[in-house]
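Remarks on the structure that follows.
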Amino acid sequence: MSDRLLGLDHDERAALAPMHPRRVDVIIAGVLVLRGILERTGLPDVLVSEHDILDGIALTLADH
13 MSDRLLGLDH DERAALAPMH PRRVDVIIAG VLVLRGILER TGLPDVLVSE
63 HDILDGIALT LADH
């Protein structure tokens, strides 16, 4: 996925669903940071969520 995003120009990234308009320009930096983390840790992949951290906190608190 990172190679795909890195190969797209601004308009092509903006056309991707569900790309948020404010993420179009910063997604490249995020992709490079994430790629570096995966390479350094040796992890094969990551799980990405469209929900924010508050959902996880609420779920954790509900379990207690």
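For the sequence shown, our numbering assigns the number 13 to the initial residue and increments by one for each residue that follows. Ideal Cβ placement from N, Cα and C applies to all residues, glycine included. Everything numeric in this text was worked out from a predicted model, so none of it was measured.
Next on the checklist: Using 8 Å as the threshold, is the C-beta distance between V58 and L50 below it?
Outcome noted: yes
Checklist entry - Hey, S14 and R52: beta-carbon distance below 8 Å or not? => result Their beta carbons are not under 8 Å apart, which means S14 does not touch R52 by this criterion.
Item to check | Residue-level contact to chain C via CB, T53, 8 Å cutoff | outcome: Among the chains in the structure shown there is no chain C, since it carries only a single protein chain.
Checklist entry - Near D37, which residues of its chain fall below 8 Å by C-beta distance, leaving aside the five closest residues on each side in sequence? => result Closer than 8 Å at the Cβ level, and outside the excluded window around D37, lie H22.
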